[in-house]
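Q:
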Amino acid sequence: MSRRYDSRTTIFSPEGRLYQVEYAMEAIGNAGAAIGILARDGVILVGEKKVTSKLLQTSRSTEKMYKIDDHLACAVAGIMSDANILINTARVQAQRYTFSYQEPMPVEQLVQSLCDTKQGYTQFGGLRPFGVSFLFAGWDKNYGFQLYMSDPSGNYSGWKAAAIGSGFPESLIMMAPGASWMETYNSAHLRSKDHVPLEQLLD
Numbered sequence: 014m015s016r017r018y019d020s021r022t023t024i025f026s027p028e029g030r031l032y033q034v035e036y037a038m039e040a041i042g043n044a045g046a047a048i049g050i051l052a053r054d055g056v057i058l059v060g061e062k063k064v065t066s067k068l069l070q071t072s073r074s075t076e077k078m079y080k081i082d083d084h085l086a087c088a089v090a091g092i093m094s095d096a097n098i099l100i101n102t103a104r105v106q107a108q109r110y111t112f113s114y115q116e117p118m119p120v121e122q123l124v125q126s127l128c129d130t131k132q133g134y135t136q137f138g139g140l141r142p143f144g145v146s147f148l149f150a151g152w153d154k155n156y157g158f159q160l161y162m163s164d165p166s167g168n169y170s171g172w173k174a175a176a177i178g179s180g181f182p183e184s185l186i187m188m189a190p191g192a193s194w195m196e197t198y199n200s201a202h203l204r205s206k207d208h209v210p211l212e213q214l215l216d
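This note's numbering applies: residue 14 is where the sequence shown begins, and numbers increase by one.
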């Protein structure tokens, strides 16, 4: 029972919980699954389009993968309208950096900048957290291939294998055996299909 501690974004419950952030997490848990695997020579992103009705026309509005820049893409899970705003913000930031410095924006710098925006929406009254999580896959000259995951709180971290959306705890358990950052793109791609079937992640 929230006891009105969820009436504002910035009110903590006696247990130290921010209910508005937890509600945003629940929106992600009901979304289609997305999986990322970091390999030695590439990054795999796999997404599930979760169609809620046979009458729904599949279109670009149900996409799970988005290109942010030539060196960076992402998979999303959650409220798509929130995702569209953040993706457009990331694209603008990437292009501004390229225009200013004549080189692609470092992957982690772009992820951190976007997560700062997400965190701000958990800190000020009159706003609500973005109900979307991201898997970022990219490459830059500093750290090579990288995989990051972010949540509605604005927290982000680097991963060798990560999952968001429905059934993500189970998918992480399924990916753990035999996972190695030394594997190649081809072997990671086979493992993403053979050992982590998306059908097993559905309710």
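We put the beta carbon where it would ideally sit given N, CA and C, even for glycine.
Considering only the alpha carbon of each residue, which of 103, 90, 119, 96 lies closest to residue 156?
A: Answer by Cα proximity: 119.
Q: Here's the rule: buried if 16 or more other CB atoms are within 10 angstroms of the residue's CB, otherwise exposed. What is residue 137?
A: It is exposed - the Cβ of residue 137 has fewer than 16 other Cβ atoms within 10 Å.
Q: What's the gap between the Cα of residue 122 and the Cα of residue 79?
A: Whole-angstrom Cα-Cα distance: 18 Å.
Q: Of all the options 125, 145, 108, 96, which has the alpha carbon lying nearest to the alpha carbon of residue 179?
A: Taking only the C-alpha atoms, the option nearest residue 179 is 145.
Q: Classify residue 56: buried if its beta carbon has 16 or more other beta carbons within 10 angstroms, exposed otherwise.
A: Per the 10 Å Cβ criterion, buried.
Q: Classify residue 214 as helix, strand or coil using the three-state DSSP reduction.
A: Low local confidence applies: a pLDDT of 42 at residue 214 is under 50, so the model's placement there is unreliable, with the coordinate-based value given in what follows. Residue state, collapsed to three classes: helix.
Q: Along the beta strand (DSSP E) that carries residue 82, what are the first and last residues, could you check?
A: Note, residue 82: beta strand (DSSP E), 78-82.
Q: Identify, in the order they occur along the chain, each residue of the same chain with its Cβ nearer than 8 Å to the Cβ of residue 45, setting aside the five sequence neighbours on each side.
A: Excluding positions up to five away in sequence, the list reads 60, 61, 62, 63, 77, 90, 178, 179.
Q: Could you pull the start and end residues of the beta strand (DSSP E) that residue 149 belongs to?
A: Looking at the DSSP string, the run of the beta strand (DSSP E) that includes residue 149 is 145-153.
Q: Label residue 112 either buried or exposed according to how many other C-beta atoms from any shown protein chain fall within 10 Å of its C-beta, with 16 as the threshold for buried.
A: With fewer than 16 other Cβ atoms within 10 Å, it is exposed.
Q: Specify, as a first and last residue, the run of the alpha helix (DSSP H) that residue 31 falls within.
A: No alpha helix (DSSP H) contains residue 31, which DSSP labels as neither H nor E.
Q: Taking residue 40 as the reference, which of 94, 149, 107 has the closest Cα?
A: It is 94.
Q: On the CB-based measure, 16 or more other CB atoms within 10 Å of its CB, does residue 49 come out buried or exposed?
A: With 16 or more Cβ atoms within 10 Å of its Cβ, residue 49 is classed as buried.
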